[in-house]
Amino acid sequence: MFDNLSDRLGNVFDKLKGRGALTESDVREAMREVRIALLEADVALPVVRRFIDAVTEKAIGSEVLKSVTPGQQVVKIVNDELVEMLGGTGEDAEPRELNLNAKPPVVIMMVGLQGSGKTTTTAKLGKLLKEKHGKKSMMASLDVNRPAAQEQLKVLGEQVDVATLPIVPGQQPVDIARRAMEAAKLQAADVLLLDTAGRLHVDEALMAEMKAISTVSAPTEVLLVVDSLTGQDAVNVAQSFTGEVPLTGVVLTRMDGDARGGAALSMRYVTGKPVKFAGTGEKLDAIEAFDPSRVAGRILGMGDVVSLVEKAAATIKEEEAEALAKKMAKGEFDLDDLRMQLKQMQNMGGLGALAGMMPGMKKAKAAMQASGMDDKVLIHMDAIIGSMTPKERKRPKLLNAKRKKRVAAGSGTQVQDVNKVLKMHQEMAKAMKQIKKMGGLKGLGALFG
Ligand code: GDP
Numbered sequence: 000m001f002d003n004l005s006d007r008l009g010n011v012f013d014k015l016k017g018r019g020a021l022t023e024s025d026v027r028e029a030m031r032e033v034r035i036a037l038l039e040a041d042v043a044l045p046v047v048r049r050f051i052d053a054v055t056e057k058a059i060g061s062e063v064l065k066s067v068t069p070g071q072q073v074v075k076i077v078n079d080e081l082v083e084m085l086g087g088t089g090e091d092a093e094p095r096e097l098n099l100n101a102k103p104p105v106v107i108m109m110v111g112l113q114g115s116g117k118t119t120t121t122a123k124l125g126k127l128l129k130e131k132h133g134k135k136s137m138m139a140s141l142d143v144n145r146p147a148a149q150e151q152l153k154v155l156g157e158q159v160d161v162a163t164l165p166i167v168p169g170q171q172p173v174d175i176a177r178r179a180m181e182a183a184k185l186q187a188a189d190v191l192l193l194d195t196a197g198r199l200h201v202d203e204a205l206m207a208e209m210k211a212i213s214t215v216s217a218p219t220e221v222l223l224v225v226d227s228l229t230g231q232d233a234v235n236v237a238q239s240f241t242g243e244v245p246l247t248g249v250v251l252t253r254m255d256g257d258a259r260g261g262a263a264l265s266m267r268y269v270t271g272k273p274v275k276f277a278g279t280g281e282k283l284d285a286i287e288a289f290d291p292s293r294v295a296g297r298i299l300g301m302g303d304v305v306s307l308v309e310k311a312a313a314t315i316k317e318e319e320a321e322a323l324a325k326k327m328a329k330g331e332f333d334l335d336d337l338r339m340q341l342k343q344m345q346n347m348g349g350l351g352a353l354a355g356m357m358p359g360m361k362k363a364k365a366a367m368q369a370s371g372m373d374d375k376v377l378i379h380m381d382a383i384i385g386s387m388t389p390k391e392r393k394r395p396k397l398l399n400a401k402r403k404k405r406v407a408a409g410s411g412t413q414v415q416d417v418n419k420v421l422k423m424h425q426e427m428a429k430a431m432k433q434i435k436k437m438g439g440l441k442g443l444g445a446l447f448g
């Protein structure tokens, strides 16, 4: 997500980097580009204005002008402002957890346009509440407009093993809500999730219905579900709902496919409510707590180091990592280690996924693609190393012309491919030594800087 905006801002900051001092006109020029980038990313105009003002004010200041690396200072200011506008982190963060402390059943009402992902998100939340919070939920669809809506929720409920309110044909939304409250109480459910009807566009009838449902069910949470791909439109939707029902938060769906990223920024500003969750796929576990610093990091193109580390932790077996760390500390790194690294890259979703997460990798990825290197290469490299003897893997220097020919034949590749692997290994070994010199993993930051 956020590729376009991050590329754009990347260009702006490239220009600032390397300058001795930041003048007011530098900042203004950079902000002009930031403004265009944000507008192109479909961020709403008032949001852009507020953002630019805040950043400009902070950037034109003695602290920045006197700084040794003005570019980095501005990046930091822009980053901090993005994080804040997205809801903040750490102690200063606005609460993004669901409020589950009310008297059960806690009612969570889902609102939004048709197709925004409301029903899917309802089922995702039912599953999440069960698995992460140990809460028993009941789900009820109040959508009587779309013929299959109630049936859809029932099917999803079966998939995630969360109870749904039995369907009574012909019943109207407010009556269904009342019946759902009764049923949830009877079944001693902790949470009642109400999936309301959507429309293609916001209209008065829809708003009246939302109001009536909200009145009878007194929801603790009213979550507005918006499709992050709809950008500016999402803002209009948010504005309409904000005036009519007491929203408590926003869920942004399709963050997995969002290339522009404007919605997250605008939504928080327009509704004044926290973005609580991000939908990241069609599967019913594809929902994440919204993380402003992660999103800001992506917008800035500084890489999503957090999720990279998390993903790595999930894939790399601990002993393997420990053994590698020991070797790295000694400055040793053989072809077996390289092979393990390649495997991990594959596990983590291949070059493409890594490129999206790591700082500076976007350019590297473009270069790799230009030279015809893709995920297939990872598989070839694995085959090449697999065709070597254990001794050769430990001591790559053993690989003379004759041995290389054998390895190439064994792996169905050419000698030049074998050479490429050896070259890559040499370079990585060199990099490992440098990391060691720079003081271990902390030094990694310097590589990315
Ligand atoms: P509703 O009309 O608002 O209830 O929307 P649905 O829940 O029926 O979702 C519409 C479509 O969007 C379905 O095909 C969902 O699988 C899909 N969808 C929902 N959330 C996400 C998401 O976070 N990512 C992706 N890629 N698809 C989603």
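Numbering-wise, numbering that gives the first Met the number 0 puts 229 at position 230 of the sequence shown, and it's gapless, one number per residue. Where a beta carbon is used, it is the ideal one built from N, C-alpha and C, also for glycine.
Contact between the segment 261 to 276 and the segment 231 to 249 is established, with three or more Cβ pairs separated by less than 8 Å. Contact between the segment 111 to 118 and the segment 205 to 225 is present: three or more C-beta pairs spanning the two stretches fall below 8 Å. Here residue 125 is near residue 192, since their CB atoms are less than 7 Å apart. DSSP, reduced to helix, strand and coil, places residue 422 within a helical segment of the structure shown. Residue 220 is bridged by DSSP to 107. In this structure, DSSP gives residue 331 a state outside helix and strand, which the three-state scheme calls coil.
One thing to note: residue 270 has its Cβ no nearer than 7 Å to the Cβ of residue 101. Here residue 104 is near residue 188, since their CB atoms are less than 7 Å apart. For residue 57, the CB contacts under 6 Å within the same chain, skipping 5 residues up- and downstream, are 76 in chain order. Going by C-alpha positions, residue 256 is about 18 Å away from residue 36.
Taking 7 Å as the cut-off, the beta carbon of residue 332 is found no closer than this to the beta carbon of residue 423. For residue 276, the pairing in a beta bridge is given by DSSP as 250, 288. Around residue 142, the same chain offers 148, 196 as residues with beta carbons nearer than 6 Å, after the five sequence neighbours per side are excluded.
In the DSSP annotation of this structure, residue 180 is not part of any beta strand (DSSP E); the continuous alpha helix (DSSP H) holding it starts and ends at 172 to 185. Within the DSSP secondary-structure output, residue 225 pairs in a beta bridge with 251. Inter-residue distance for residue 152 and residue 322 is about 48 Å (C-alpha atoms, whole angstroms). Counted as a single uninterrupted DSSP element, the stretch harbouring residue 140 is not any alpha helix (DSSP H) but the beta strand (DSSP E) occupying residues 136 to 140. Residue pairing by DSSP places residue 162 opposite 137 in a beta bridge.
Rounded to whole angstroms, the gap between the alpha carbons of residue 163 and residue 139 is 6 Å. In the three-state scheme derived from DSSP, where H, G and I count as helix and E and B as strand, residue 85 is classed as coil.
When 87, 84, 160 are compared, the shortest CA-CA separation from residue 121 is found for 160. Residue 37: member of the alpha helix (DSSP H) spanning 23 to 39, first to last residue.
As the crow flies, the alpha-carbon of residue 265 is around 7 Å from that of residue 234. Under the three-state reduction of DSSP, residue 406 is assigned to helix.
Taking a contact as a CB-CB distance under 8 Å, the pair residue 116 and residue 252 counts as one, their CB atoms being some 3 Å apart.
Counting only residues of its own chain and dropping the five nearest sequence neighbours on each side, residue 134 has a CB closer than 6 Å to the CB of 128, 189, 190. At the C-beta level, residue 231 and residue 41 come within 7 Å of one another. Cβ-Cβ distances below 7 Å link residue 182 to 137, 164 in the same chain, with the five nearest sequence neighbours on each side left out; the list follows chain order. Assigned with DSSP and collapsed to three states, residue 232 falls in helix. At least one heavy atom of the ligand GDP is found less than 6 Å from the C-beta of residue 117.
The alpha carbon of residue 215 has as its nearest neighbour, out of 201, 244, 185, 131, the alpha carbon of 244.
Taking 7 Å as the cut-off, the beta carbon of residue 414 is found no closer than this to the beta carbon of residue 408. Going by DSSP, residue 52 is part of the alpha helix (DSSP H) stretching over 44 to 58. Per DSSP, the continuous alpha helix (DSSP H) segment holding residue 128 begins and ends at 117 to 132.
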